[in-house]
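>
Protein chains: 2
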Amino acid sequence: MLDLEDFLPYRLSVLSNRISNGIARTYQSRFDLGVTEWRVIAIVGRYPGVTATEVADRAAMDKVAVSRAVSRLLDAGRLERRENHPDRRAKRLYLSEEGESIHDAIVPAALAFERDLLEALEPEERRRFLDSLERLAEAAERHC
Amino acid sequence: MLDLEDFLPYRLSVLSNRISNGIARTYQSRFDLGVTEWRVIAIVGRYPGVTATEVADRAAMDKVAVSRAVSRLLDAGRLERRENHPDRRAKRLYLSEEGESIHDAIVPAALAFERDLLEALEPEERRRFLDSLERLAEAAERHC
DNA sequence: TGAAAACAGTTACAAATGTAACTAATATCA
DNA sequence: TGATATTAGTTACATTTGTAACTGTTTTCA
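Residue numbers (UniProt numbering), protein chains in the order written: chain A, 1 to 144; chain B, 1 to 144.
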């Protein structure tokens, strides 16, 4: 007998969607920004000069999704792209001034959201939880 | 500074997608079944006679998604639909024999998958983890 | 060297998903 | 009662996402 409401994969999926949508609401309408675009901005803000492939690896996103997000961000003037010598296949990505200002507007709200969530747990409980989450992620990687 | 790899919403999203895709692999190609269809089968198997709206509530799915999944499952002969007296708007849903056999084939694999994951945690750690997950879900609901 | 494989990124097409408007049935309450 | 609002489910349309095939570039190694 499988009770969906008690089933870990289902519970994780509901929680994850709820949180992602909650954060997304803070930037989607305000900046006309999708979740994948936001992730690209987050990665490029953290690692200026990354290539699209590196973004895909770091964000666990499909390279096609990254390509699309990058091209929308370029069109909107939120990213800049420069040559990557000597490999001319890849291009290095940087936030434009506008990209920076979006990044700087969203990051504090995102971190505050995370903090609010984690404050539902006692410090010790929180430490254990994040630790267990890491162990589960490793188990899932082994298993999939 | 936001480090995506350490950011809880991101970690949950990656883990959840990885697990969902891992389980989905066990039924997608074998039964030509999508994730939403599988969820409908799980709910109807657990609560025979539910209506589509109740499925949507229990599975945290959109009613449009449920409607589409139900109609595919009906076409494939995996669900049956009977009148709901006296309210003729809603219809009661049941697994057909074929639906039952799909349900019974997937449930053990899904539960085994969950068990394998949770065995990465000690029993006490596991109990704490699931408890914290519940607290987080409540916090997210309050916050969103 | 140079043919073949691997890689970065894009494009094109198919499938999944979200939003809004809709039909038909039931509930509300002046 | 009967006009209005609400509900169950569907349909239509737009957007997002996944998969496969593609271009151009670099690497590999016989």
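Ideal Cβ placement from N, Cα and C applies to all residues, glycine included.
Across which residues does DSSP place Leu118 (chain B) in a beta bridge pair?
BP columns for Leu118 (chain B) are empty, so no partner.
> At what residues does the beta strand (DSSP E) containing Glu80 (chain B) begin and finish?
Its beta strand (DSSP E) spans residues Leu79 to Glu83.
> Short of 8 Å in beta carbon distance, which residues of its chain neighbour Leu121 (chain A), apart from the five on each side in sequence? Order them along the chain.
Closer than 8 Å at Cβ, skipping near neighbours: Phe129.
> If you compare alpha carbons, which of B:Arg142, B:Ala76, B:Ala110 and B:Ser96 is closest to Arg82 (chain B)?
The shortest Cα separation from Arg82 (chain B) among B:Arg142, B:Ala76, B:Ala110 and B:Ser96 belongs to B:Ser96.
> Could you please give the first and the last residue of the uninterrupted beta strand (DSSP E) stretch that includes Tyr94 (chain A)?
From DSSP, the beta strand (DSSP E) with Tyr94 (chain A) extends over Lys91 to Leu95.
> Below 9 Å on C-beta distance, what does Gly22 (chain B) contact in chain A?
Simply Pro9, Ala140, His143 and Cys144.
> I'd like to know whether the C-beta atoms of Ser16 (chain B) and Leu12 (chain A) end up nearer to each other than 7 Å.
Contact flag set, yes.
> Determine the closest residue to His103 (chain A) out of A:Val14, A:Tyr47 and A:Pro9, with distance taken between C-alpha atoms.
Closest option to His103 (chain A), Cα to Cα, is A:Tyr47.
> Near Leu33 (chain B), which residues of its chain fall below 6 Å by C-beta distance, leaving aside the five closest residues on each side in sequence?
The residues are Tyr27.
> Using a Cβ-Cβ distance under 7 Å, would Arg30 (chain A) count as near chain B?
It does not: the Cβ of Arg30 (chain A) has no partner Cβ on chain B nearer than 7 Å.
> Given that a residue counts as buried once 16 or more other Cβ atoms are within 10 Å of its Cβ, and exposed if not, what is Gly45 (chain A)?
So Gly45 (chain A) ends up on the buried side.
> Please list, in chain order, all residues of the same chain as Arg72 (chain A) whose beta carbon is under 7 Å from its beta carbon, the five residues on each side excluded.
Closer than 7 Å at Cβ, skipping near neighbours: Glu37.
> Per DSSP, what kind of secondary structure is Asn88 (chain B) in: helix, strand or coil?
According to the sequence as given, residue 88 (chain B) is Arg; it is not Asn. It is coil, neither helix nor strand.
> Here's the rule I'm using: 16 or more other beta-carbon atoms within 10 Å means buried, otherwise exposed. How should residue 145 (chain B) be labelled?
There is simply no residue 145 (chain B) to check, as chain B begins at 1 and stops at 144 in what is shown.
> Taking Gly22 (chain A) as part of the alpha helix (DSSP H), name the residues at either end of that continuous run.
Residues Leu8 to Arg25.
> Return the CA-CA distance between Leu2 (chain A) and Tyr10 (chain A), expressed in angstroms with no decimal places.
Computed Cα separation, rounded: 11 Å.
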